[in-house]
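Be aware that the sequence shown starts at 13, since it is given in the numbering used here, and climbs by one per residue. Idealized CB from N, CA, C, for every residue including glycine. Note that the coordinates shown come from a computational prediction; the quantities given were computed from them, not determined experimentally. Following: one structure in structure tokens, then a few remarks.
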Amino acid sequence: MALPAEPRQKMINLMYLVLTAMLALNVSAEILNAFKTVDRSLTTTNTTINNSTGTIMASFEEKMAEPESRAKAELWMPKAKQVVDATTSLNAYINGLKQDILKGAGFDPAKNGDSTFKEDNQDVATRIMVEEGKGKELYSRLQQYKQQVAAVSPELANQVNGYLRQIDLSTPPSRNSSTRSWEGTYFHMVPTVAAITMLSKFQNDIKTTENRVVALFHEQVGQVKVRFNQFAAIVGQSSNYLMPGQALTINAGVGAFSTEAKPTIQIGGATVPINEDGMAVYTTNVSNMGTNSVPVTIRYVDQDGNPKTITKSIEYTVGQANASIALDKMNVLYIGVDNPVTIAASGGGDDKIQATITGGGGSLTRVGNGKYIARVNSQSDDTRISVSVDGKVVGASTFRTRNIPDPIAEVGGFASGSNVPAGAFKAQAGVAAYIKGFPFDLKYQVTSFTLAADTDDGDIVSVNVSGNTWSSQAQNVIRGLSRDKVVTIDNIKAAGPDGRTRTLPSLVYYIK
């Protein structure tokens, strides 16, 4: 009577891995097409489930008209309607979320025949489902649905609660699961088409639950007098796009399932046993790159005793695992400073990624999703950052490590060789050092210098200064400056953030 339940959690976990693997990468058309294929499969399955549920409800109507079954039908049909009504309401709500996301991605329902939208947009689902709170609201609605259905029939609570496990609201585990919200897990920075597919998955969960609960209530009335005139092979897969070593799960069964159908199912040439829900579950780790296919053959006997055979082909693509490693500021790692690095890899979520650095005396610290800080302490032309996913190296890049450039010294922003008014020079407090046009905000401290100037009697007076400001002796020299005098500042020492002390080029100023 009811359609069999599929092992949905495996599907959720594998789809989630594919989703999170792409968050920081450009989403290819191949991957988008894979999501669209999964969504179409879910939509087709939902239609089959709807037809089955409709058949059961029609049988309830027949039971209401039969004197021998009317009493029980009057008891159980209202309970079934409660479940159907709750499912219809929640299904409509999810359809509304789909429309909001599609419109946000550029879909215009007013354009007849034009169903295009920005399939790879990663901002719309984040804004609607995470930032505007619709994902949290969906989670609450799904919880309320489970509670509502569970309360319909206390006498069958154990069986109904077993069916409700189809709607799994747990958050897939990850390294930072303590801070990750349910809605953030499924909808943060995912492409539009992936968000639509995930919503279709939740619709499939509630439709399957509805079908099984309604069928259970019908069984309390008596034997279902329904004659199925169509059988449909139900074949689904966990994902169309996988990375080497990931698991592919194929579910196969017969729609309008009955134990009398006696199905035999072969997947990949091997006979797969059928579980108590009438489904054959086949799992294999994929390896061959490119497009692959697995044949599925279903043999069963229809209600007239006629043997039937249905053949399907499950196609999937195995992609090449790869990683993107980018230095955020420059293409060189600088000694003694925090070098920001962005790392993304296909084949797993951010919690599956491990990054290491060798050469240059380097260390790598993770500071956020895909964000790292690299620190190095020696020059090298072969500093290597490697990225692994689940222990497998998926990419590496080699960088140079260099000392940060030497700064230049100036007095009051006047470059060496400038003609400076005597009053302007006397107003300065000392010598400063900095780097022009460098992406890092580095602070240099002048630690000492020698100030020299010519006097009115033709002598040269020289003062050694400790620190970056004029000493009292230096101030006396500067107060005596007048037009046509020459000031030189040499032996300038400056300490940088890398701990090195540098000797900077001398300065010459002409007083006017």
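If the five residues before and after PHE214 are omitted, its C-beta is found closer than 8 Å to the C-beta atoms of ILE106, LEU150, LEU154, ILE179, all from its own chain and listed in chain order. Put simply, the backbone Cα of ASN334 is about 11 Å away from that of ILE365.
Excluding its 5 nearest sequence neighbours in each direction, THR183 has C-beta neighbours in its own chain below 7 Å: SER189, ARG192, TRP194, THR197, listed in chain order.
Between THR55 and SER212, the CB-CB gap stays under 9 Å. One Cα belongs to GLY302, the other to GLU327, and the distance between them is close to 10 Å. For a cut-off of 8 Å, the C-beta gap from ASN300 to THR204 is around 30 Å, too long to register as a contact.
The DSSP assignment places complete beta strand (DSSP E) segments of no fewer than 3 residues inside the segment 316 to 399 at 319 to 330, 335 to 339, 344 to 346, 351 to 357, 365 to 370, 375 to 380, 383 to 387, in order along the chain. Of the other Cβ atoms in all chains shown, fewer than 16 fall within 10 Å of the Cβ of LEU181; this residue is therefore exposed.
Bounds of the alpha helix (DSSP H) holding LEU154 are 146 to 162. Looking at the DSSP output, PHE411 shares a beta bridge with THR395. Within the model, the alpha-carbon separation for GLY492 versus THR467 is close to 8 Å. ALA436 and ALA465 have their C-alpha atoms roughly 16 Å apart. Secondary structure of LYS524 (DSSP, three-state): coil.
ILE420 is positioned such that its CB atom lies no closer than 9 Å to that of LEU463. LYS115 is the residue among LYS123, GLU143, THR138, LYS115 whose C-alpha sits nearest the C-alpha of LYS130. As DSSP reads the structure, VAL306 sits in a beta bridge with ILE326. Setting aside the 5 residues that flank it on each side, VAL284 is surrounded in the same chain by ILE277, ALA292, TYR294, each with a C-beta closer than 6 Å to its C-beta; the list follows chain order. Residue environment analysis places GLY425 among the exposed positions, since fewer than 16 neighbouring C-beta atoms fall within 10 angstroms of its C-beta. In this chain, the beta strand (DSSP E) harbouring ASP466 covers 457 to 466.
Judged by pairs of C-beta atoms under 8 Å, the segment 507 to 518 does not touch the segment 477 to 487, as fewer than three such pairs exist.
Taking each of GLU422, ASN389, ASN431 in turn and checking the Cα distance to ILE416, the smallest one comes out for ASN389. Unbroken alpha helix (DSSP H) stretches of 4 residues or longer found wholly inside the segment 186 to 234: 194 to 199, 204 to 231, given in chain order. Under the 10 Å beta carbon count, ASN223 is surrounded by 16 or more other beta carbons and is classified as buried.
Listed in chain order, the non-local C-beta contacts of GLY147 below 6 Å within the same chain comprise MET141, GLU195, PHE199, local neighbours out to five positions each way being set aside. When GLY407, VAL432, ALA408 are compared, the shortest CA-CA separation from SER494 is found for VAL432. Counted as a single uninterrupted DSSP element, the alpha helix (DSSP H) harbouring GLU86 occupies residues 82 to 116. Taking 8 Å as the upper bound for CB-CB distance, ALA162 and ALA207 are not in contact here, some 28 Å apart.
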